[in-house]
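Asks: One structure follows; several queries about it will come next.
Pasting the structure below:
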C-alpha cells in the first residue's frame, strides 16, 4: 500500500484500487443486498415507519439542542449513584485520563467491546505503547485487530473478508486448524476470548445512548461481549461522544427497535443493556468503579454549525453506508476516516478540517438514498452540498476559478461561443493522440469511460434548418 | 498540557456547547401530531409493530417471536412441571452444574430438581472461573416483551450481571402475569417498581447470543449463551 501525504490523493489512489477489486465488490454487494431485504421486512412491520422517523428526529432535536442541560442532568444522576464523569475536550485528554486510571489502579489486562470513539482517539495504540495488553472482543473487531486493519464499516467491521481469509488469519495468529465454517471460526474466537474476560481487570466500552433522566448509558450489541466486558472486570470505562444524548429512559422504547431495524434489519438487537452505575449495594456483581468519558473532540464545532447540527442526531446505525452507491463501489477503507460513508463524509470535515477532507463531499452521487434511509432524518446529501459550498467560500481553487472565468467570457460573447462550437469537432480529431493519457485534458473521465463525440452540427444550426424546411 | 481537574475540561466543553447553541437549528422533520412524550407514557407504540390486547394474544406473539429468534419457549403447568422440563434439558445436555440465584420461582423449581444435578448458588458471590464452567444459568426476570420476544432482566431480579451471560445456556422462568406488550410497557413497570432506585444493570435479551460478522451468516453463541430457554408458569 502506498502512503500518500494528502488525504485527497490517498483517497483517489485507494478508491481507484478498491473499485478495480471486482470480487470484493461483489461480496460486499451481496451482503448489503441481504441487509436490504431484512430491513425492508422489519420496516414494514412498523405501524408507521415514517412517523417513527419523525418522532425519533423530534427527540434527538430536543436532546441535541439542549445538550448542555441534558448532559448536566446526566452527570448529576450518574454521579449520585457512584459513577464518575470525565469531560474530554479532545482525544489527548481522553487518552490521558484512561491511561492514568490504568496506571493508578495497577491494571494489567484490558478487554474492549466495540467503540468507534476509541478508534477515533486511537486509544489502543496509546494503551499498547504504555505496555498494556488490549484485546478487542467484538468478533469483527477482533478479526480486524489481528489483521492490524481499521474497521471496514462502523457496524460490520470485517464485512469485506471472506471465510477463507479469516481462517488463514486465525491459522497464522492463533494456531487454529483450517476451516471453512463461519460457525467453527466464531467458536475459535469464543474460546480465545473467554479467558480474557475473566482475566481482564479493566473493561472499556462505547455507548449508543446517554440517558439524561436516569443517569444511564445504553449499549446495543448482538454477541454478548459488551455484557461480559461490563460484568466481569473490576473497572468499567465507557467512552462516549457527547451527542449520544436522549432525554428520557422511555425514549429508548422507540430508539432500540429503530436502531436495530436500520442497522441490521433485526426487530431488536440481541442485547440492549442500560448501565446506571457500578455495582450497587445489594447487587451480586458488577464493576467496583464505573467511569464515563464524555468526548467532545470537535463535536461542538459541528454543533455550532446550525445548518448541519442535525448531523449530531446520528445513532450510528450505518444505514446510509449500506444504501450508498459510492460505498458499495469504493468500500470502507478508501474513505480513510473513522466514520465511513455518507455520514462520515458530512462530519469528518468538521472534525478534522474542511480543506483536507472536502473531497469526501464530492464522493457522492447526491442521489439522496442516504437521507431516505436515515432513521433520524438527517439531511445528509444536502449537507454534502453545503460542505462543497463552504469549502469553496473559504478557499477558492485557482484552476476552477480560471475555468469559470473562461466560461463566463465565452457565454457572454455569441461569436466566441459559435466559434468554439465549430472548433470542437476539429479539436476532437486530435483527441485520439492523447486519449486517456496524462496529456488528455479530460483524463479523469477517459481513463475509465468513453468520451462522447462532439456533434458535427450545432443545435443552433439544426434549429435554423428545421425552421427553414417548415416554411 | 496543564493538569486537568478530576472531572476534566467540564467548564470548557459546556461553555462551547452553550455558545454553539445560540443560533437555532432548522428542523428537517415534521413534529409528530401526537404530543411529545412526557414522563413515562410514551405514545411511540402508535408507530411500532402492533400487539394484541389480551394476554393470550400476547403470549402467542411472544411464542411466535421466540421461534424466529431461536429461543426455546415452553409453557409449563406448574413449577413442578417446569422442574421436570429443566431436568430433561439437563439430562439431554449432560449438565453437571446449574448456577442459579435466590427467588420465589427459582427456589420453587429448584426443590424439584434431581439430586444428581449440582446447584451453584451465586447470591453470596461466586468465582468467575467456576461460573464459567457451569452448564447453565437459571434466572428469573422482570418481564417478557411480547412485541419483540425479549426478556427484560435487571441486576437485582436476575442474579446480577454475569449469571445470565457467562454460562452457555440461559434458562429464564416467568409468571404469565409478567408478559407485557412492548418495550414502553416494560420501562413503565420498571419505573413503577424501582422509582428513583434503579438497579445498576437493566437488559433486554432478545434471543440467544449471535453474530453475523463473518460473511453476514448467522451464528448463534458468539460470546454469550448459545441457547436461551424461557419457561412460563401460571
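Chains as they are written, first to last, in this note's numbering: chain F, 863 to 1333; chain U, 421 to 654. Beta carbons: idealized from backbone N, C-alpha and C, even for Gly.
Hey, how far is the Cα of residue 1329(F) from the Cα of residue 1189(F)?
Replies: Approximately 49 Å, taken between the alpha carbons.
Asks: Taking three-plus beta-carbon pairs below 8 Å as touching, is the segment 546-556 of chain U in contact with the segment 611-626 of chain U?
Replies: These segments do not touch.
Asks: On the DSSP bridge assignment, give the partners of residue 1065(F) in chain order.
Replies: DSSP, once it has assigned bridges, lists 973(F) and 1098(F) as partnering residue 1065(F).
Asks: Exposed or buried, residue 1064(F), counting other C-beta atoms within 10 Å across all chains shown (16 or more means buried)?
Replies: So residue 1064(F) ends up on the buried side.
Asks: Closer than 8 Å, CB to CB, is residue 1324(F) near chain U or not?
Replies: Not one chain U Cβ lies under 8 Å of residue 1324(F).
Asks: Pull up the distance between the alpha-carbon of residue 1279(F) and that of residue 930(F), whole angstroms please.
Replies: The alpha-carbon atoms of residue 1279(F) and residue 930(F) are separated by roughly 58 Å.
Asks: From the DSSP secondary-structure annotation, give me the bridge partner or partners of residue 1135(F).
Replies: Bridge partners of residue 1135(F): 1081(F) and 623(U).
Asks: Measuring alpha carbon to alpha carbon, tell me which of 535(U), 575(U) and 554(U) ends up nearest residue 586(U).
Replies: Answer by Cα proximity: 554(U).
Asks: Assuming residue 593(U) is part of the beta strand (DSSP E), what are its boundary residues?
Replies: Run containing residue 593(U): 589-595, per the beta strand (DSSP E) assignment.
Asks: Quick one: Cα of residue 923(F) to Cα of residue 437(U), how far?
Replies: Looking at the two C-alpha atoms, the distance is approximately 14 Å.
Asks: Which residue spans inside the segment 599-649 of chain U form an unbroken alpha helix (DSSP H) run of at least 4?
Replies: If we require 4 residues or more, the alpha helix (DSSP H) runs fully inside the segment 599-649 of chain U come out as 603-614.
Asks: DSSP on residue 1005(F), reduced to helix/strand/coil?
Replies: In the structure shown, residue 1005(F) sits in a helix (DSSP, three-state: H, G or I).
Asks: Assuming the contact rule is C-beta atoms closer than 8 Å, residue 601(U) and residue 478(U) should be a hit. Round their C-beta distance to whole Å, please.
Replies: Confirmed, Cβ separation roughly 6 Å.
Asks: Give the C-beta separation of residue 1200(F) and residue 981(F) to the nearest angstrom, bearing in mind that I take them to be a contact with Cβ-Cβ under 8 Å.
Replies: About 5 Å separates the two Cβ atoms, so the contact holds.
Asks: Quick one, which of 978(F), 1240(F), 1006(F) and 1111(F) has its alpha-carbon nearest residue 610(U)'s?
Replies: The candidate whose alpha carbon is nearest that of residue 610(U) is 1111(F).
Asks: Which residues, in chain order, does the segment 574-605 of chain U contribute to contact with chain F at a C-beta distance below 8 Å?
Replies: Listed in sequence order: 575, 576, 579, 580, 581, 582, 583, 585, 586, 602, 603 and 604.
Asks: Could you compute how far the alpha carbon of residue 1127(F) sits from the alpha carbon of residue 921(F)?
Replies: So the alpha carbons of these two residues sit roughly 22 Å apart.
Asks: What is the DSSP secondary structure of residue 532(U), counted as helix, strand or coil?
Replies: The answer is coil: DSSP assigns residue 532(U) none of H, G, I, E or B.
Asks: Find the residues of chain F that neighbour residue 548(U), judging by a C-beta separation of less than 7 Å, and give them in chain order.
Replies: Chain F residues near residue 548(U): 1060 and 1094.
Asks: What's the C-alpha gap between residue 1297(F) and residue 1305(F)?
Replies: Cα-Cα distance, rounded: 7 Å.
Asks: Quick one: does residue 1132(F) have its CB under 8 Å from some CB of chain U?
Replies: Interface residue, yes.
Asks: Let me confirm a value: residue 1254(F) is counted as buried when at least 16 other C-beta atoms fall within 10 Å, else exposed. Which label applies?
Replies: Residue 1254(F) comes out exposed.
Asks: Tell me which residues share the same chain as residue 988(F) and place their Cβ nearer than 7 Å to its Cβ, disregarding the 5 neighbours each side in the sequence.
Replies: Taken in chain order, the residues that qualify are 957 and 961.
Asks: For residue 1337(F), list the residues DSSP reports as bridge partners.
Replies: Outside the shown range of chain F, which is 863 to 1333, sits residue 1337(F), and nothing can be said about it.
Asks: So residue 429(U) contacts chain F; which residues on that side make the cut at Cβ distance below 7 Å?
Replies: The answer, in chain order, is 949, 950, 951 and 955.
Asks: What separation, rounded to the nearest whole angstrom, lies between the Cα atoms of residue 942(F) and residue 936(F)?
Replies: Roughly 10 Å separates the two Cα atoms.
Asks: For residue 963(F) versus residue 1098(F), is the C-beta spacing smaller than 8 Å?
Replies: No, Cβ-Cβ distance for residue 963(F) and residue 1098(F) is not below 8 Å.
Asks: Find out if the Cβ-Cβ distance for the pair residue 1182(F), residue 1238(F) is shorter than 8 Å.
Replies: No.
Asks: Of all Cβ atoms in chain F, is any one closer than 8 Å to the Cβ of residue 609(U)?
Replies: Not one chain F Cβ lies under 8 Å of residue 609(U).
Asks: Measure the alpha-carbon distance for residue 1277(F) versus residue 883(F) and round it to whole angstroms.
Replies: Looking at the two C-alpha atoms, the distance is approximately 48 Å.
Asks: Check whether the Cβ atoms of residue 472(U) and residue 481(U) sit closer than 8 Å, and answer yes or no.
Replies: Against a cut-off of 8 Å, the Cβ pair of residue 481(U) and residue 472(U) comes out as a contact.
Asks: Are the CB atoms of residue 492(U) and residue 631(U) nearer to each other than 8 Å?
Replies: Contact: no.
Asks: CA-CA distance, residue 1001(F) and residue 1302(F)?
Replies: Answer to the nearest angstrom: the Cα atoms are 47 Å apart.
Asks: Our contact map puts residue 894(F) next to residue 1184(F) with C-beta atoms below 8 Å; I'd like the distance itself, whole angstroms only.
Replies: The Cβ separation is near 5 Å, so the contact holds.
Asks: Could you have a look at residue 461(U) and say whether DSSP puts it in helix, strand or coil?
Replies: Only weak support is given to the placement of residue 461(U): the predicted model assigns it a pLDDT of 42, under 50, and the value that follows is read from those uncertain coordinates. The answer is coil: DSSP assigns residue 461(U) none of H, G, I, E or B.
Asks: So with CB distances below 8 Å, who are the chain U contacts of residue 1086(F)?
Replies: Here the neighbours are 585, 629, 642, 643, 644 and 645.
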